[in-house]
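Structure below.
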């Protein structure tokens, strides 16, 4: 996957790979975090677990944008209107 990421202009990542909380199973997520961080792409990351995984990999400062709202993050990318944003728009 590193080769594909190196050729990307934008990377959208939502959700860790596997059970990253257990060291024996964290290598895939950690490798992905390092590959995303080392790419020249705009990196947009979503989800609280992904946020924790990136922090655990020591790559927080190397991501372009991190959102802790996984579901809301995906809905926004899908073009859906978020209830809180809608409420703010209609608030007077």
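In this note's numbering, the protein residues as written are 3 to 94. Glycine included, each C-beta is placed from N, C-alpha and C at the ideal position.
Checklist entry - Would the beta-carbon of residue 97 fall within 8 Å of that of residue 53? => result Here the chain covers residues 3 to 94 and nothing more, so residue 97 does not appear.
Next on the checklist: On the DSSP letters alone, give me the boundaries of the alpha helix (DSSP H) that residue 84 sits inside.
Outcome noted: Where residue 84 is concerned, there is no enclosing alpha helix (DSSP H), given that its DSSP letter is neither H nor E.
Checklist entry - Near residue 72, what residues of its chain come up, given a Cβ to Cβ distance below 8 Å and the 5 sequence neighbours on each side ignored? => result 16, 17, 48, 49, 50, 51 and 52
Item to check | Coil, strand or helix - residue 21 by DSSP | outcome: coil
Checklist entry - To which residues does DSSP link residue 67 through a beta bridge? => result 46
Next on the checklist: What does the Cβ neighbour count give for residue 87, buried or exposed, with the cut at 16 atoms within 10 Å?
Outcome noted: exposed
Next on the checklist: Quick check: the Cα distance between residue 66 and residue 3, rounded to an integer number of angstroms?
Outcome noted: 19 Å
Checklist entry - So residue 61 and residue 39 are in contact, right, with Cβ under 8 Å, and what is the actual spacing, rounded? => result 4 Å
Next on the checklist: Between which residues of its own chain and residue 14 is the CB-CB distance below 6 Å, once the five residues before and five after are set aside?
Outcome noted: 46
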